[in-house]
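Q: Take a look at the following structure, please.
There are 2 protein chains.
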Amino acid sequence: MKIATLGPEGTFSHEAVLKYSNDAEILFNGTIMGIFESVAGGKAKLGIVPIENSVAGTVGQTLDCLVKFGIKIRDEMILPIRHHLAGFGNANDIRNIRTLYVHPQTYEQCELFVKRFLPKAEIIETSSNGKSAEIVAKSKDKASASIIPKTATSIYGLRMIKKDVQDSRFNVTRFFAVGNSNNKKTGYDRTSIAVYPQIDKPGLLYNMLGEFAKRKINLTKIESRPSKGKLGDYIFYIDFQGHKSEKHVNESLKVIEGSFFVNVLGSYPRKY
Amino acid sequence: MKIATLGPEGTFSHEAVLKYSNDAEILFNGTIMGIFESVAGGKAKLGIVPIENSVAGTVGQTLDCLVKFGIKIRDEMILPIRHHLAGFGNANDIRNIRTLYVHPQTYEQCELFVKRFLPKAEIIETSSNGKSAEIVAKSKDKASASIIPKTATSIYGLRMIKKDVQDSRFNVTRFFAVGNSNNKKTGYDRTSIAVYPQIDKPGLLYNMLGEFAKRKINLTKIESRPSKGKLGDYIFYIDFQGHKSEKHVNESLKVIEGSFFVNVLGSYPRKY
């Protein structure tokens, strides 16, 4: 099966695909929009895209593409994010590392580690975790290191100098597998919707949540994001437990459609 | 006044500081956490940090630091995000550009433009908009260009080849000015809070919003983010109109404290 994801090789998205399927033919793409285009155009059957990270928050580009392309969420998966210090040296050489290649978001997630263990290293920011690995691999220099995912260490032939250098033990990214068709009910599902108010009235959000509350539908995520119209206009992204074909879910959505434009992004088996 | 913000020179954060104050002494910092540390340690009086972009969404690192450092929001400001194609050529030379240096997030926001006008250019990703400008400036090459903020064109001596190359006309970033003290009421304020459920009970969020709705307090943003505990535990970030010293606001917060840990991140004059 052809699966499109974020490249280059050795990213966490690459790790997510390997976890999802061990015989996928992977199409690497530089942007999230490019992944959606591949799926919409039939070049790939599925796309695997990050939707939120417990430290960095929601990936807006993914939400926007879900709305724009009308492609459905078919699955969710949770990947623990573990960063590793990698290069050509070993654990005793940490103090000798003079240059650290690191993606800015990775640096943010390992900042306390770097300040404590590599206080004198020069930090050189890169455009991706795969790139950090590639630069160090080419340098063949013991005084250079990178902070990268495990997959990248083997792809680029680097040694793991120190494992698990992320500051927060709880660092996970949730990914979506997206495709062109809908899922059937499994009985243990989650549904994601995007809603946009048709009118401007105080208490609109409160009333909407009331429709879920009175049918005992559990919300698992809610987020307002500025819509592309004007500042102060918001789209709400909501996850809740249940499948859109279930009666109580369907009833809620019908009522909500009275005051919101409702876009069902998908119902899929839930993993937590 | 000393103001800390995200560096290097020529970033949108730099533009935000210049808009906020025209006689600030600017301390550039590589990370959002570093900015908060500068303010907490007294090295800077204020920090200016991005909180949300209309395309990319919320900046999670800023929310986390607000909670962690106990530093208060003193002001908000809205900066239109305008990207420009810049280098040494002019508008007639666009087709001759062979290499484009661009930050991945900037590329995402200008992807349609690049695909249409620079379909054959090699895209080289950089770690910041300032870096894109610096590389092209050093190259002195007419066949190289970058996509950067206006401030960066003058700092690095580049010519604006084509203005406003962002795909969405509506692209704004909201910034916070953060500092060590609270603001007085102006009568036209907004308050930001972070709340964390003390108990796990269905309808908790719905009941909380009811406290605001019944006192006619207008919510302007709500976002749930995974807390650092375990998956499924969420912190809610909420913006609403009003100052925390106002009676109806204070009453709501008191009731909510019965079932949530409430952290008031600041009350500040609202700009929209």
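Protein chains in written order, with the numbering used here: chain A, 76 to 347; chain B, 76 to 347.
Cβ coordinates follow ideal geometry from the N, Cα and C atoms, glycine included.
Computed from a predicted model, the values in this text were never measured in an experiment.
#1: DSSP three-state call for LEU280/B: helix, strand or coil?
#2: Can you find the residues in the same chain that come closer than 6 Å, C-beta to C-beta, to VAL270/B, ignoring five residues on each side of it along the sequence?
#3: In whole angstroms, what is the alpha-carbon distance linking GLY317/A and VAL177/B?
#4: Could you say which of LYS346/B, TYR347/B, ALA79/B and SER88/B lies nearest to ALA227/B if we only look at CA atoms?
#5: Using a cut-off of 9 Å between C-beta atoms, extract the partners of VAL114/A located in chain B.
#6: Check for me: the alpha helix (DSSP H) holding LEU154/A runs from which residue to which?
#7: Contact between the region 141 to 148 of chain A and the region 211 to 231 of chain A is defined here as three or more beta-carbon pairs at a separation below 8 Å; is this criterion met?
#8: For my contact list, ASN91/B and GLY122/B are in at a C-beta cut-off of 8 Å; report their separation, rounded to the angstrom.
#9: I need the DSSP call for ASN293/B, collapsed to helix, strand or coil.
#10: Mark PRO194/B as exposed unless 16 or more other C-beta atoms lie within 10 angstroms of its C-beta, in which case mark it buried.
#11: Need the endpoints of the alpha helix (DSSP H) that ALA79/B sits in, please.
#12: Quick test of your reading: GLN184/A and ASP242/A, contact by CB under 8 Å. State the CB separation rounded to the nearest angstrom.
#13: May I ask you to list the residues that DSSP assigns as paired with LYS237/A?
#14: Answer with yes or no whether the minimum CB distance from ARG265/B to chain A is below 9 Å.
#15: Keeping to the same chain, check which residues put their C-beta closer than 6 Å to that of LEU160/B; ignore five residues upstream and five downstream.
#16: Within the continuous beta strand (DSSP E) that includes PHE315/B, where are the two ends?
#17: Beta-carbon within less than 6 Å of ASP308/B's beta-carbon, same chain only, minus the 5 sequence neighbours each way: which residues are those?
#18: Using only the alpha-carbon positions, how far apart do VAL71/B and THR137/B sit?
#19: In chain order, what residues of the same chain lie with their CB nearer than 7 Å to the CB of ALA166/A, ignoring the 5 residues before and after it?
#20: With 8 Å as the C-beta to C-beta threshold (strictly closer), list the residues of the region 282 to 293 of chain A near chain B in chain order.
#21: Can you name the start and end residues of the alpha helix (DSSP H) that ALA208/B belongs to?
#22: Return the residues of the region 120 to 148 of chain A that lie within a Cβ-Cβ distance of less than 9 Å from chain B, sorted by chain order.
#23: In the DSSP assignment, what are the bridge partners of ALA252/A?
#24: When you compare the CB positions of GLU127/B and LYS296/B, do they come within less than 9 Å of one another, or not?
#25: Since ALA220/B sits in a beta bridge, which residues does DSSP pair it with?
#26: Taking the CB atoms as reference points, tell me whether LEU175/B and ALA196/B lie closer together than 9 Å.
#27: Hey, how far is the Cα of VAL114/A from the Cα of ASP139/A?
A: On the basis of the data shown:
#1: Translated into positions along the second sequence, residue 280/B becomes position 205. Looking at LEU280/B - three-state DSSP - the assignment turns out to be helix.
#2: The residue given as residue 270/B occupies position 195 in the second sequence. Scanning its chain for C-beta atoms nearer than 6 Å, with the 5 sequence neighbours on each side dropped, one finds around VAL270/B the residues PHE311, PHE335 and VAL337, in chain order.
#3: The residue given as residue 317/A occupies position 242 in the first sequence. The residue given as residue 177/B occupies position 102 in the second sequence. Each residue's Cα considered, the two are about 42 Å apart.
#4: Here residue 227/B corresponds to residue number 152 of the second sequence, with the count starting at 1. Looking at the Cα atoms, SER88/B is the closest of the given residues.
#5: In the first sequence, the residue the question calls residue 114/A occupies position 39. In chain order: nothing, as chain B lies at least about 16 Å away.
#6: Numbered from its first residue, the first sequence carries residue 154/A at position 79. Looking at the DSSP string, LEU154/A is not in any alpha helix (DSSP H); the run it does join, the beta strand (DSSP E), is 147 to 155.
#7: no
#8: Sequence index remark: in the second sequence, residue 91/B carries index 16 (1-based). Sequence index remark: in the second sequence, residue 122/B carries index 47 (1-based). First, the residue type needs correcting, since residue 91/B is Ala and not Asn in the sequence shown. Not really, about 11 Å apart at Cβ, beyond 8 Å.
#9: Along the second sequence, read from residue 1 onward, the residue named residue 293/B stands at position 218. If DSSP states are grouped into helix, strand and coil, ASN293/B belongs with coil.
#10: Within the second sequence, the letter at position 119 stands for residue 194/B. It counts as exposed.
#11: Taking the second sequence and counting its residues from 1, the one referred to as residue 79/B is at position 4. Counting along the chain, ALA79/B sits inside no alpha helix (DSSP H); it lies in the beta strand (DSSP E) bounded by residues 77 to 81.
#12: The residue labelled residue 184/A in the question sits at position 109 within the first sequence. The residue labelled residue 242/A in the question sits at position 167 within the first sequence. Rounded, the Cβ-Cβ distance is 6 Å, consistent with contact.
#13: As a position in the first sequence, residue 237/A is number 162, starting the count at 1. DSSP, once it has assigned bridges, lists LEU160/A as partnering LYS237/A.
#14: Locating residue 265/B in the second sequence gives position 190, counting from the first residue. Not an interface residue.
#15: Residue mapping note: residue 160/B aligns to position 85 of the second sequence, counting from 1. Contacts found: ALA220, ILE222, ILE236, LYS237 and VAL240.
#16: Indexing the second sequence from 1 puts residue 315/B at position 240. First-last of the beta strand (DSSP E) with PHE315/B: 309 to 316.
#17: Locating residue 308/B in the second sequence gives position 233, counting from the first residue. Same-chain partners within the cutoff: SER302.
#18: Lying before the first or after the last residue shown, residue 71/B is absent from chain B, which here runs from 76 to 347.
#19: What you label residue 166/A is simply residue 91 of the first sequence in a count that begins at 1. Around ALA166/A: ILE236 and LYS237.
#20: LEU284, GLY285, PHE287, ALA288, LYS291 and ASN293
#21: Here residue 208/B corresponds to residue number 133 of the second sequence, with the count starting at 1. Counting along the chain, the alpha helix (DSSP H) containing ALA208/B begins and ends at 204 to 214.
#22: GLU127, ASN128, SER129, VAL130, ALA131, GLY132, THR133, VAL134, GLY135, GLN136, LEU138 and ASP139
#23: In the first sequence, counting from the first residue as 1, residue 252/A sits at position 177. Answer is ILE123/A and ASP150/A, bridged to ALA252/A.
#24: Locating residue 127/B in the second sequence gives position 52, counting from the first residue. Locating residue 296/B in the second sequence gives position 221, counting from the first residue. Yes; because the gap between Cβ atoms is below 9 Å, this pair is in contact.
#25: Residue 220/B sits at position 145 when you count from the first residue of the second sequence. GLY162/B and LEU175/B, per the DSSP bridge assignment.
#26: For the purposes of this step, residue 175/B is taken as residue 100 along the second sequence, with counting starting at 1. For the purposes of this step, residue 196/B is taken as residue 121 along the second sequence, with counting starting at 1. Yes, the Cβ-Cβ distance between LEU175/B and ALA196/B is below 9 Å.
#27: Residue 114/A sits at position 39 when you count from the first residue of the first sequence. Residue 139/A sits at position 64 when you count from the first residue of the first sequence. Between VAL114/A and ASP139/A, the C-alpha separation is close to 15 Å.
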